[in-house]
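Notes follow the structure.
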Amino acid sequence: MKLAALISGGKDSIFAIHKALEEGHEVTHLINIIPARDDSYMYHSINLHMVELISAASEIPLIQQESSGIKELELDDLTLALKRVNVDGVSVGAIESQYQASRVQKICDSLGLEVYAPLWHRDPEELLNEMAKVLDIRIVRVAAEGLDSSWLGRPINVNSIENLKALNRRYMVHMAGEGGEYETVVLDAPFFKKRIEIVKSEIEWEGDTGSLKILDARLVDKT
Numbered sequence: 001m002k003l004a005a006l007i008s009g010g011k012d013s014i015f016a017i018h019k020a021l022e023e024g025h026e027v028t029h030l031i032n033i034i035p036a037r038d039d040s041y042m043y044h045s046i047n048l049h050m051v052e053l054i055s056a057a058s059e060i061p062l063i064q065q066e067s068s069g070i071k072e073l074e075l076d077d078l079t080l081a082l083k084r085v086n087v088d089g090v091s092v093g094a095i096e097s098q099y100q101a102s103r104v105q106k107i108c109d110s111l112g113l114e115v116y117a118p119l120w121h122r123d124p125e126e127l128l129n130e131m132a133k134v135l136d137i138r139i140v141r142v143a144a145e146g147l148d149s150s151w152l153g154r155p156i157n158v159n160s161i162e163n164l165k166a167l168n169r170r171y172m173v174h175m176a177g178e179g180g181e182y183e184t185v186v187l188d189a190p191f192f193k194k195r196i197e198i199v200k201s202e203i204e205w206e207g208d209t210g211s212l213k214i215l216d217a218r219l220v221d222k223t
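Residue numbers (full-length UniProt numbering): 1 to 223.
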């Protein structure tokens, strides 16, 4: 299938693209929705400028669509973006969010598009281990008990997965961050022609929530 991939720059959407390409699908466009509100039900809002570098790194054209971020109304903005591409289906990184999955499905049904969701209902620990083997993932936002500022900028790897398992047992932190416990950005993937390097960043912390704000980043050759 020819697919347009919904991306936020995080691990789930990027890994869904990796799986699509592995299975022989063609990803013709990246679709990124920019919400006007930080509390959007559908879309991420942190470090969205990184998707432009992901597009450049992967050499897949990017379509960005601004959104009100208002619940339900923001679905119209995704419809507008998808009307701009000629594809057979849409790749999504949904794992457990029935809210997001059902609404993407409804939009795709209205446009006659298939939904490609290779991560749907996968075991979170198994999924993280698969991702860690092929992606360079960094945590850029935390919002859960047990996740402090030391997690910001930390890679998802064998050690951090073990730590997340412990936090899951103690605090019920979802290992894949499906409850909004953490958000990520991907700096490298098998389909990237170049990798992304963070040049400058700063930590912002308020109450029990913190973010790694990426101020400057660049593409570099893979070694």
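Each residue gets a CB set at the ideal place from its N, CA and C atoms; glycine is no exception.
By a beta-carbon distance limit of 8 Å, residue 4 does not contact residue 16. Their separation comes to about 12 Å. Its chain contains 173, 181 as the residues whose beta carbon lies nearer than 6 Å to that of residue 144, once the 5 sequence neighbours on both sides are disregarded; these appear in chain order. The alpha-carbon of residue 91 is positioned some 19 Å away from that of residue 177.
The DSSP-derived three-state label of residue 32 is strand. Straight across, the Cα-Cα distance linking residue 150 with residue 140 is about 11 Å. Our two residues, residue 62 and residue 77, have alpha carbons roughly 15 Å apart in a direct line. Note that the C-beta distance between residue 171 and residue 20 is not below 8 Å.
Within 10 angstroms of the beta-carbon of residue 2 lie fewer than 16 other beta-carbons, which makes it exposed.
217 is the residue among 221, 217, 223, 222 whose C-alpha sits nearest the C-alpha of residue 50.
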